[in-house]
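Participant:
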Amino acid sequence: MTSKELPSVTFAIAAEENDAVHVSECPFFVISGDSQGITAKDMWNEVKKHGSFDHLQSEEKSMPSEPGSLVGAAVAASLTIPAGNVRSATFSLAWACPEINFGDGKTYQRRYTKFYGTTGHAAAKIAHDAIQEHAQWESQIEEWQKPIIEDKRLPEWYPITLFNELYYLNAGGTIWTHGLPPVQSVSTIGKRFSIERSSSDVERSAHLTHSDGTAVSILERMGSVFEELHTPVSVNAAIGTNLLQKGEENIGQFLYLEGIEYHMCNTYDVHFYASFALAMLFPKLELSIQRDYAAAVMMHDPSKRKLLDDGKSSTRNVLGALPHDIGMDDPWFEVNYYCLYNTDRWKDLNPKFVLQVYRDFVATGDKKFAEAVWPSVYMAIAFMDQFDKDGDGMIENDGFPDQTYDVWSVSGVSAYCGGLWVAALQAASALAREVGDKGSEDYFWFKFQKAKEVYQKLWNGSYFNYDNSGSAVSSSIQADQLAGQWYARACGLLPIVDEEKAKTALETVFNFNVMKVKDGRRGAVNGMRPSGEPDSSSLQSREIWSGVTYAVAAAMIHEDMADTGFKTAAGVYETVWSEDGFGYAFQTPEGWNTEGRYRALGYMRPLAIWAMQWALNPPKIPKQEVKPKLEADSLSRQHAGFQAVARLLKLPKEKDARSVFQVLFDYTCKRITG
């Protein structure tokens, strides 16, 4: 048990007794403090002298402990091993900490309590089951890993790295709840509101046609919710279990940290890369995360938080915007723990949501999931309309780091965010088809065609320019420039750029971003100048990010460049996992510089190596077919509805999204690199 009202923790140790193995126990010995009884030294001497605890007196086994004392327990397995023979003894150690307390006071129960309960006996039951089932568990793990380990087509380092990077699913501050509301009873939180629907509403609407259009449906719901004065707090939160329909399993809710040093849960722009591990191995948990974010898109929280960038206050979460993260002190209820910039104005979060939702749908075939999250997908696209400043169908970046590279400024149409936007429009059209919304299917396809044409203007013959702002670094070679193309391929969508352009761009990335740094033994540097030197305009432009390197390798595999992809990703292995590397194993950093000096040990993004496995062995997913070109005149009704939603979601104007410090910093960088 713990003190100071912290959640209780119970430990259990056990050993398996059979005809060949005798088990004895020492349920109590003193490690430190004022408690009376045998000491740790006495316990060890007993084992050395007798080979068991059978000679302990009964009173020595049941001494009460004193407050402030540390006590332990032990089990001994005794057996005789004939000469030349082998015998085994099985031990297990388990612990139960059934409750999770968060900083703002809410308490949740862990997923395993659904099966083992919340009492102090849970640890003993788990230890028992581990002894009984461990052989089967090990066999199943070997069966899962064996085809990859024995695949001779793969480089030797790849299976090692693929499976070892999964350490983060366990070590990344992971929490899996039972999916029920907090243990405490709460009723309302201020003026927060949500236009999310209850489970019954979702179930009922799933059987409706979209003849009236998704826009009309959303507008009606927005109008009705504004009239509500009181709603339960669980509805006004990013709790995706509200989207489950009757008969669907509540698998619980899943949290993991962006990094051991970056305390934000389920950071979405990074999960975009890491999510392939969950999508392939724990798809129901992946759907759970997406439901939470679908609920967050429908949520508005007017409470204020101070930003580090300019010292001003910003609304915590606005309707239609994907939050950066699901929270930390009060996950699901207070999202956006990140406070460097106002991420409502980021350009990658909403497109990444649309792409992940579609990928998860095609991978699982879960039609109920698609129907439940579709309104959030529509709103996510509508929210982004305000960032298309000139009406050409393409969003523009605003001259500050408004995407996952959050200290690397970008202006105008960009290779990274622009490509994500093009791919997201196609994904939205495809998802609309799956839920029976023909009008939205055609409308988003029309927008996809327009945006795709604009995106091609970034092509310079060798790669896609970093952005079209005309700055001194607009022509930088970004390793991640084809993130949209990568996801489109992974989802079975049509490519957003021609195959030859994609291959040429990736070859350029390999020749510059990979091979010009330590002969390809470090990974892909984020930004490289055409001169062959790293882009020095920001900290992140000259860094090598492990997860991005894996993602670039996955993109190469999708373009039938597997050998190049493996050579690219091998740099991460050489840096992190190799005996000749920097000793970062089981704490893979977010990134390092060209000399190998790290930033952010133990990070989420390197799970993106599973995107390589997805590319090598893709799930059976439907392929998007080419559709005829649509004309704007035929979509006037859909356009009017979409614009009505987009206007309601529009953010207030800002004179400059950048702080004074950021303006000066950008100016200085341009002078240095110009």
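Sequential numbering of the sequence shown, starting at 969, is according to my numbering.
Don't be surprised by glycine CBs; every beta carbon is placed ideally from N, CA and C.
Every value quoted in this text rests on a predicted model; they were computed, and no experiment measured them.
1) Note down the Cα distance separating Val1485 from Val1381, rounded to an integer number of angstroms.
2) Do the stretch 1581 to 1590 and the stretch 1538 to 1556 make contact, defined as three or more Cβ pairs closer than 8 Å?
3) Could you tell me the boundaries of the beta strand (DSSP E) in which Ile1068 lies?
4) Please report the Cβ distance between Glu1164 and Met1267, rounded to the nearest whole angstrom; I am assuming they are in contact, meaning their Cβ atoms lie under 8 Å.
5) Measure from the alpha carbon of Arg1189 to the alpha carbon of each residue in Phe1337, Gly1147, Asp1531, Ser1344, then state which is nearest.
6) Around the C-beta of Gly1147, are 16 or more other C-beta atoms found within 10 angstroms, so that it is buried, or is it exposed?
7) Given this structure, state the Cα-to-Cα distance separating Ala1331 from Glu1402, to the nearest angstrom.
8) Starting from Phe1083, follow the alpha helix (DSSP H) in both directions and report where the run begins and ends.
9) DSSP has Val1493 in a bridge; who is on the other side?
10) Under a Cβ-count criterion, where at least 16 other Cβ atoms within 10 Å of its own Cβ denotes burial, should Phe1244 be classed as buried or exposed?
11) Residue ranges of each beta strand (DSSP E) run of no fewer than 3 residues wholly in the stretch 1256 to 1319, ordered along the chain?
12) Return the chain-ordered list of same chain residues with a C-beta closer than 7 Å to the C-beta of Thr1372, the five sequence neighbours on each side being excluded.
13) Give the straight-line distance between the Cα atoms of Phe996 and Arg1055, rounded to the nearest whole angstrom.
14) Around the Cβ of Ala1608, are there at least 16 other Cβ atoms within 10 angstroms (buried) or fewer (exposed)?
15) Given Arg1457, which residues of its chain have a CB within under 7 Å of its CB, disregarding the five upstream and five downstream residues?
16) Select from Val1043, Gly1208, Asp1293, Tyr1306 the residue whose C-alpha is nearest the C-alpha of Glu1217.
17) Can you tell me whether Val1151 is buried or exposed, with buried defined as 16 or more other CB within 10 angstroms of its CB?
18) So the candidates are Val1039, Glu1475, Trp1560; which of them puts its Cα closest to the Cα of Ile1512?
19) Does the Cβ of Pro1276 have 16 or more other Cβ atoms within 10 Å, making it buried, or fewer, making it exposed?
20) Tell whether a beta-carbon distance below 8 Å holds between Phe1351 and Gly1407.
21) DSSP three-state label for His1018, please.
22) Look up Tyr1571 in the DSSP assignment and say whether it is helix, strand or coil.
23) Whole-angstrom Cβ separation of Leu1661 and Gly1386, contact assumed at under 8 Å?
24) Suppose you measure from the CA of Leu974 to the CA of Gly1570; what does that come to, to the nearest Å?
25) Determine which residues share a DSSP beta bridge with Val1043 and list them.
26) Using 8 Å as the threshold, is the C-beta distance between Leu1211 and Val1341 below it?
27) Can you list, in chain order, the residues of its chain whose CB lies under 6 Å from that of Leu1134, leaving out five sequence neighbours each side?
28) Based on DSSP bridge pairs, tell me the residues matched to Ser1430.
29) For Leu1197 and Gly1181, what's the separation of their Cα atoms in angstroms?
30) How close, in whole Å, do the beta carbons of Cys994 and Ala1062 come, if the pair is a contact with beta carbons under 8 Å?
31) With a threshold of 6 Å on Cβ separation, who are the neighbours of Ile981 within its own chain once the five nearest residues in sequence on each side are excluded?
32) The beta strand (DSSP E) that contains Asp1366, what's its start and end?
33) At a cut of 8 Å, does the stretch 1495 to 1506 reach the stretch 1437 to 1447 through at least three beta carbon pairs?
34) Who pairs with Asp1435 in a beta bridge, going by DSSP?
35) Assuming Leu1399 contacts Val1325 (C-beta within less than 8 Å), just tell me the rounded distance between them.
36) On a Cα-Cα basis, can you pick out the residue from Leu1308, Phe1021, Val977 that is closest to His990?
Facilitator: For this structure:
1) In the sequence shown, the residue the question calls residue 1485 occupies position 517. In the sequence shown, the residue the question calls residue 1381 occupies position 413. If I take the Cα positions, the gap works out to 28 Å.
2) no
3) If you number the sequence shown from 1, residue 1068 lands on position 100. Per DSSP, Ile1068 belongs to the beta strand (DSSP E) from 1067 to 1069.
4) For the purposes of this step, residue 1164 is taken as the residue at position 196 of the sequence shown. For the purposes of this step, residue 1267 is taken as the residue at position 299 of the sequence shown. About 7 Å separates the two Cβ atoms, so the contact holds.
5) As a position in the sequence shown, residue 1189 is number 221, starting the count at 1. Checked all of Phe1337, Gly1147, Asp1531, Ser1344; the closest Cα to Arg1189 is Ser1344.
6) The count along the sequence shown starts at 1 and reaches residue 1147 at position 179. By the neighbour-count rule (16 or more Cβ atoms within 10 Å), Gly1147 is buried.
7) Position 363 of the sequence shown, counting from 1, holds the residue named residue 1331. Position 434 of the sequence shown, counting from 1, holds the residue named residue 1402. Roughly 13 Å separates the two Cα atoms.
8) As a first step, residue 1083 must be located in the sequence shown, where it is residue number 115. Unbroken alpha helix (DSSP H) run through Phe1083: 1081 to 1084.
9) Counting from 1 along the sequence shown, the entry for residue 1493 is found at position 525. According to DSSP, Val1493 bridges with Ile1512.
10) Position 276 of the sequence shown, counting from 1, holds the residue named residue 1244. With 16 or more Cβ atoms within 10 Å of its Cβ, Phe1244 is classed as buried.
11) 1267 to 1274, 1281 to 1285
12) As a first step, residue 1372 must be located in the sequence shown, where it is residue number 404. Result list for Thr1372: Asp1237, Val1238, Asp1316, in chain order.
13) For the purposes of this step, residue 996 is taken as the residue at position 28 of the sequence shown. For the purposes of this step, residue 1055 is taken as the residue at position 87 of the sequence shown. Answer to the nearest angstrom: the Cα atoms are 28 Å apart.
14) On the sequence shown, residue 1608 is found 640 positions in, with the first residue counted as 1. Result: exposed.
15) Locating residue 1457 in the sequence shown gives position 489, where the first residue counts as 1. The residues are Pro1463, His1526.
16) Looking up residue 1217 in the sequence shown gives position 249. The shortest Cα separation from Glu1217 among Val1043, Gly1208, Asp1293, Tyr1306 belongs to Gly1208.
17) One-based indexing of the sequence shown puts residue 1151 at position 183. Exposed, by the Cβ-count rule.
18) Here the question's residue 1512 lines up with position 544 in the sequence shown. Closest option to Ile1512, Cα to Cα, is Trp1560.
19) Reading the sequence shown from its first residue, position 308 is the one you call residue 1276. The sequence given here places Leu at residue 1276; Pro does not occur at that position. Label assigned to Leu1276: exposed.
20) Locating residue 1351 in the sequence shown gives position 383, where the first residue counts as 1. Locating residue 1407 in the sequence shown gives position 439, where the first residue counts as 1. Cβ atoms of Phe1351 and Gly1407: not closer than 8 Å.
21) The sequence position of residue 1018 within the sequence shown is 50, counting from 1. Correct three-state label for His1018: helix.
22) Walking along the sequence shown from the start, residue 1571 turns up at place 603. Note: Tyr1571 maps to strand in three-state DSSP.
23) This structure leaves residue 1661 out entirely; the chain is present only between 969 and 1642.
24) Stepping through the sequence shown from its first residue, residue 974 is reached at position 6. Stepping through the sequence shown from its first residue, residue 1570 is reached at position 602. Leu974 and Gly1570 have their C-alpha atoms some 26 Å from each other.
25) As a working note, residue 1043 is residue 75 in the sequence shown. According to DSSP, which records beta bridges pairwise, Val1043 is partnered with Glu993.
26) Position 243 of the sequence shown holds residue 1211. Position 373 of the sequence shown holds residue 1341. Closer than 8 Å, so yes.
27) Translated into the one-based positions of the sequence shown, residue 1134 becomes position 166. Cβ neighbours of Leu1134 beyond the five flanking positions: none.
28) To locate residue 1430, count along the sequence shown from 1; it is residue 462. Ser1430 pairs with nothing; no bridge assigned.
29) Reading the sequence shown from its first residue, position 229 is the one you call residue 1197. Reading the sequence shown from its first residue, position 213 is the one you call residue 1181. Interpretation of Leu1197 is limited by its pLDDT of 38, a score under 50 that renders its predicted location unreliable; no figure is taken from the coordinates.
30) Here residue 994 refers to the residue found at position 26 when the sequence shown is read from its first residue. Here residue 1062 refers to the residue found at position 94 when the sequence shown is read from its first residue. No, Cys994 and Ala1062 are not in contact; Cβ-Cβ is about 18 Å, not under 8 Å.
31) As a first step, residue 981 must be located in the sequence shown, where it is residue number 13. Correct list, in chain order: Val1043, Leu1061.
32) Translated into positions along the sequence shown, residue 1366 becomes position 398. Its beta strand (DSSP E) spans residues 1365 to 1368.
33) yes
34) Taking the sequence shown and counting its residues from 1, the one referred to as residue 1435 is at position 467. Per DSSP, Ser1382.
35) Locating residue 1399 in the sequence shown gives position 431, counting from the first residue. Locating residue 1325 in the sequence shown gives position 357, counting from the first residue. Distance from Leu1399 to Val1325 at the Cβ level is roughly 7 Å; contact confirmed, criterion being Cβ atoms closer than 8 Å.
36) Reading the sequence shown from its first residue, position 22 is the one you call residue 990. The candidate whose alpha carbon is nearest that of His990 is Phe1021.
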